[in-house]
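Structure first, commentary second.
Numbering (our numbering), first residue to last: 12 to 198.
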(Lines of atoms letter the chains of each structure in order from A; the text may use other names.)
(Lines give C-alpha, C1' and ligand atoms only; values in the text may rest on other atoms or scores of the structure.)
Protein backbone atom coordinates (compact mmCIF):
# COMPACT_ATOMS: atom_id res chain seq x y z
CA UNK A 12 0.00 0.00 0.00
CA UNK A 13 1.43 3.38 -0.97
CA UNK A 14 1.63 6.46 1.26
CA UNK A 15 -1.37 8.06 -0.48
CA UNK A 16 -3.52 4.96 0.09
CA UNK A 17 -2.40 4.89 3.73
CA UNK A 18 -3.47 8.50 4.22
CA UNK A 19 -6.84 7.78 2.62
CA UNK A 20 -7.27 4.83 4.97
CA UNK A 21 -6.45 7.06 7.94
CA UNK A 22 -8.99 9.61 6.72
CA UNK A 23 -11.68 6.95 6.64
CA UNK A 24 -10.94 6.09 10.26
CA UNK A 25 -11.21 9.75 11.26
CA UNK A 26 -14.64 10.00 9.67
CA UNK A 27 -16.01 7.48 12.16
CA UNK A 28 -15.87 10.09 14.92
CA UNK A 29 -19.65 10.34 15.40
CA UNK A 30 -20.08 6.70 16.40
CA UNK A 31 -21.43 5.49 19.72
CA UNK A 32 -17.89 4.83 20.96
CA UNK A 33 -17.28 8.57 20.95
CA UNK A 34 -20.17 9.44 23.23
CA UNK A 35 -20.15 9.59 26.98
CA UNK A 36 -23.39 9.85 28.88
CA UNK A 37 -25.14 11.36 25.87
CA UNK A 38 -22.49 14.08 25.59
CA UNK A 39 -20.44 14.26 22.41
CA UNK A 40 -16.88 15.40 21.96
CA UNK A 41 -17.57 17.88 19.20
CA UNK A 42 -14.33 19.83 19.49
CA UNK A 43 -11.00 18.11 19.02
CA UNK A 44 -7.36 18.65 18.16
CA UNK A 45 -6.03 16.12 15.67
CA UNK A 46 -2.38 15.07 15.65
CA UNK A 47 -1.50 14.06 12.13
CA UNK A 48 1.35 14.04 9.68
CA UNK A 49 2.19 13.56 6.05
CA UNK A 50 3.66 10.18 6.91
CA UNK A 51 1.71 6.97 6.46
CA UNK A 52 0.74 3.99 8.53
CA UNK A 53 4.17 2.43 8.03
CA UNK A 54 5.94 5.39 9.64
CA UNK A 55 3.43 5.38 12.48
CA UNK A 56 4.02 1.65 13.01
CA UNK A 57 7.77 2.31 13.15
CA UNK A 58 7.31 5.08 15.75
CA UNK A 59 5.08 2.83 17.84
CA UNK A 60 7.82 0.20 18.11
CA UNK A 61 9.47 2.38 20.76
CA UNK A 62 6.92 1.60 23.50
CA UNK A 63 8.58 3.87 26.06
CA UNK A 64 8.51 6.88 23.72
CA UNK A 65 4.84 6.26 22.87
CA UNK A 66 3.92 5.89 26.55
CA UNK A 67 5.77 9.11 27.44
CA UNK A 68 4.12 10.96 24.53
CA UNK A 69 0.64 9.73 25.51
CA UNK A 70 1.23 10.66 29.15
CA UNK A 71 2.39 14.16 28.20
CA UNK A 72 -0.62 14.68 25.88
CA UNK A 73 -3.02 13.42 28.56
CA UNK A 74 -1.39 15.68 31.14
CA UNK A 75 -1.84 18.61 28.73
CA UNK A 76 -5.52 17.69 28.26
CA UNK A 77 -6.11 17.48 32.01
CA UNK A 78 -4.49 20.88 32.59
CA UNK A 79 -6.56 22.46 29.82
CA UNK A 80 -9.73 20.86 31.21
CA UNK A 81 -9.00 22.32 34.67
CA UNK A 82 -8.40 25.79 33.24
CA UNK A 83 -11.60 25.55 31.19
CA UNK A 84 -13.54 24.77 34.39
CA UNK A 85 -12.01 27.84 36.04
CA UNK A 86 -12.95 29.90 33.00
CA UNK A 87 -16.55 28.70 33.22
CA UNK A 88 -16.68 29.61 36.92
CA UNK A 89 -15.26 33.07 36.27
CA UNK A 90 -17.47 34.01 33.30
CA UNK A 91 -20.77 32.24 33.92
CA UNK A 92 -22.73 33.40 36.94
CA UNK A 93 -25.17 30.53 37.32
CA UNK A 94 -23.21 27.51 36.15
CA UNK A 95 -25.31 24.53 37.15
CA UNK A 96 -24.30 21.80 34.73
CA UNK A 97 -21.75 23.04 32.19
CA UNK A 98 -18.56 22.65 34.25
CA UNK A 99 -19.66 19.19 35.42
CA UNK A 100 -20.28 18.11 31.82
CA UNK A 101 -16.83 19.19 30.61
CA UNK A 102 -14.76 16.13 29.75
CA UNK A 103 -11.70 15.36 27.65
CA UNK A 104 -11.20 12.31 25.49
CA UNK A 105 -8.17 10.72 23.86
CA UNK A 106 -8.47 8.66 20.68
CA UNK A 107 -6.40 6.76 18.16
CA UNK A 108 -8.06 7.53 14.82
CA UNK A 109 -11.52 7.75 16.35
CA UNK A 110 -11.21 4.63 18.46
CA UNK A 111 -10.19 4.06 22.09
CA UNK A 112 -6.43 3.84 22.58
CA UNK A 113 -5.04 0.39 23.19
CA UNK A 114 -1.61 -0.36 24.62
CA UNK A 115 1.21 0.86 22.39
CA UNK A 116 -0.88 3.19 20.19
CA UNK A 117 -0.28 6.92 19.85
CA UNK A 118 -2.84 9.50 20.82
CA UNK A 119 -4.03 11.02 17.53
CA UNK A 120 -6.78 13.28 18.84
CA UNK A 121 -7.70 15.10 22.02
CA UNK A 122 -11.37 16.01 22.30
CA UNK A 123 -13.30 18.25 24.64
CA UNK A 124 -17.00 17.72 25.13
CA UNK A 125 -19.63 19.57 27.08
CA UNK A 126 -23.33 20.33 27.12
CA UNK A 127 -24.65 22.31 24.11
CA UNK A 128 -25.33 25.30 26.35
CA UNK A 129 -21.57 25.86 26.44
CA UNK A 130 -21.62 26.88 22.79
CA UNK A 131 -24.63 29.16 23.28
CA UNK A 132 -23.02 30.92 26.23
CA UNK A 133 -19.68 31.24 24.42
CA UNK A 134 -21.36 32.86 21.40
CA UNK A 135 -24.00 34.83 23.32
CA UNK A 136 -26.89 33.19 21.50
CA UNK A 137 -30.02 31.33 22.60
CA UNK A 138 -33.73 32.04 22.60
CA UNK A 139 -34.25 35.06 20.40
CA UNK A 140 -30.53 35.46 19.69
CA UNK A 141 -29.22 33.50 16.71
CA UNK A 142 -26.12 33.28 14.57
CA UNK A 143 -26.23 33.81 10.82
CA UNK A 144 -22.83 33.10 9.40
CA UNK A 145 -20.54 34.68 11.96
CA UNK A 146 -22.94 37.50 12.88
CA UNK A 147 -25.24 37.54 15.89
CA UNK A 148 -28.83 38.38 14.93
CA UNK A 149 -31.67 39.42 17.23
CA UNK A 150 -34.74 37.36 16.27
CA UNK A 151 -37.07 37.80 19.22
CA UNK A 152 -40.13 40.00 18.75
CA UNK A 153 -40.96 41.08 22.30
CA UNK A 154 -37.95 43.26 23.04
CA UNK A 155 -35.43 44.88 20.71
CA UNK A 156 -32.65 45.07 23.31
CA UNK A 157 -29.62 42.82 23.42
CA UNK A 158 -29.67 41.11 26.78
CA UNK A 159 -27.10 38.43 25.98
CA UNK A 160 -23.42 38.99 25.52
CA UNK A 161 -20.85 36.43 24.41
CA UNK A 162 -18.85 34.92 27.24
CA UNK A 163 -15.80 33.42 25.49
CA UNK A 164 -14.88 30.78 28.03
CA UNK A 165 -13.47 28.21 25.56
CA UNK A 166 -11.50 29.64 22.61
CA UNK A 167 -9.10 31.92 24.55
CA UNK A 168 -8.03 29.03 26.81
CA UNK A 169 -7.45 26.70 23.86
CA UNK A 170 -5.50 29.40 21.98
CA UNK A 171 -3.17 29.79 24.94
CA UNK A 172 -2.70 26.04 25.38
CA UNK A 173 -2.11 24.95 21.76
CA UNK A 174 1.59 26.06 21.63
CA UNK A 175 2.41 23.70 24.51
CA UNK A 176 0.74 20.79 22.69
CA UNK A 177 2.60 21.70 19.49
CA UNK A 178 5.89 21.54 21.43
CA UNK A 179 4.99 18.13 22.91
CA UNK A 180 4.19 16.79 19.43
CA UNK A 181 7.35 18.33 17.90
CA UNK A 182 9.55 16.75 20.58
CA UNK A 183 7.97 13.36 19.97
CA UNK A 184 8.12 13.41 16.17
CA UNK A 185 9.01 16.47 14.10
CA UNK A 186 6.98 15.31 11.08
CA UNK A 187 3.66 15.34 12.96
CA UNK A 188 1.40 18.39 12.93
CA UNK A 189 -1.36 19.66 15.21
CA UNK A 190 -4.56 20.28 13.25
CA UNK A 191 -6.74 22.80 15.13
CA UNK A 192 -9.48 23.23 12.51
CA UNK A 193 -12.04 21.36 14.63
CA UNK A 194 -11.24 22.71 18.10
CA UNK A 195 -12.49 26.30 18.09
CA UNK A 196 -16.10 27.32 18.56
CA UNK A 197 -17.44 29.16 15.49
CA UNK A 198 -14.30 29.43 13.41
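For glycine and all other residues, C-beta sits at the position ideal for the given N, C-alpha and C. On a predicted model such as this, the values are computed, not experimentally measured, just so you know.
Count the other CB atoms within 10 Å of the CB of residue i; is the residue buried (16 or more) or exposed (fewer)?
{"i": "residue 182", "result": "exposed"}
{"i": "residue 76", "result": "buried"}
{"i": "residue 119", "result": "buried"}
{"i": "residue 124", "result": "buried"}
{"i": "residue 43", "result": "buried"}
{"i": "residue 109", "result": "buried"}
Counting only the same chain and skipping the five closest in sequence on each side, list residues whose C-beta sits under 7 Å from that of residue i.
{"i": "residue 115", "result": "59, 62 and 65"}
{"i": "residue 188", "result": "47 and 48"}
{"i": "residue 163", "result": "133"}
What separation, rounded to the nearest whole angstrom, lies between the Cα atoms of residue i and residue j?
{"i": "residue 78", "j": "residue 122", "result": "13 Å"}
{"i": "residue 111", "j": "residue 117", "result": "11 Å"}
{"i": "residue 195", "j": "residue 174", "result": "15 Å"}
{"i": "residue 45", "j": "residue 190", "result": "5 Å"}
{"i": "residue 134", "j": "residue 90", "result": "13 Å"}
{"i": "residue 84", "j": "residue 56", "result": "36 Å"}
{"i": "residue 107", "j": "residue 192", "result": "18 Å"}
{"i": "residue 129", "j": "residue 160", "result": "13 Å"}
{"i": "residue 73", "j": "residue 178", "result": "14 Å"}
Between which residues of its own chain and residue i is the CB-CB distance below 8 Å, once the five residues before and five after are set aside?
{"i": "residue 172", "result": "75, 78, 79 and 82"}
{"i": "residue 126", "result": "38, 96, 97 and 100"}
{"i": "residue 88", "result": "94 and 98"}
{"i": "residue 35", "result": "Below a pLDDT of 50, predicted positions are generally treated as unreliable, and residue 35, at 41, falls in that range; no measurement from the model is reported."}
Mind checking who residue i pairs with in its DSSP beta bridge?
{"i": "residue 74", "result": "Residue 74 pairs with nothing; no bridge assigned."}
{"i": "residue 43", "result": "122"}
{"i": "residue 106", "result": "111 and 120"}
{"i": "residue 188", "result": "47"}
Suppose the cutoff is 6 Å on Cβ atoms and the five residues either side in sequence are ignored; what does the same chain contact list for residue i look like?
{"i": "residue 70", "result": "none"}
{"i": "residue 180", "result": "46, 187 and 189"}
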